[in-house]
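Per the numbering used here: the sequence shown ends with 813, consecutive numbering throughout. In this text, a Cβ means the ideal position worked out from N, Cα and C, and glycines have one as well. Heads up, the thing below is written out as structure tokens.
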Amino acid sequence: MRVAGVKDVGTDVASELVTVTFDARKTHAPNLHGIILKSGYKPAPMAD
């Protein structure tokens, strides 16, 4: 699935993490949160 504004998706199988890099001018975190939930996964923000 492609989502407008998403620049990169990185996965780390060992830690079971996926990192999504996106352009905030084209999409927003709440939109991505909903898309991830609909995909069957539990999104959570990463600490900076």
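query, result
"Hey, how far is the Cα of Thr784 from the Cα of Tyr806?", "13 Å"
"Helix or strand or just coil, what does DSSP make of Lys803?", "helix"
"Which residues bound the beta strand (DSSP E) around Asp773?", "771–777"
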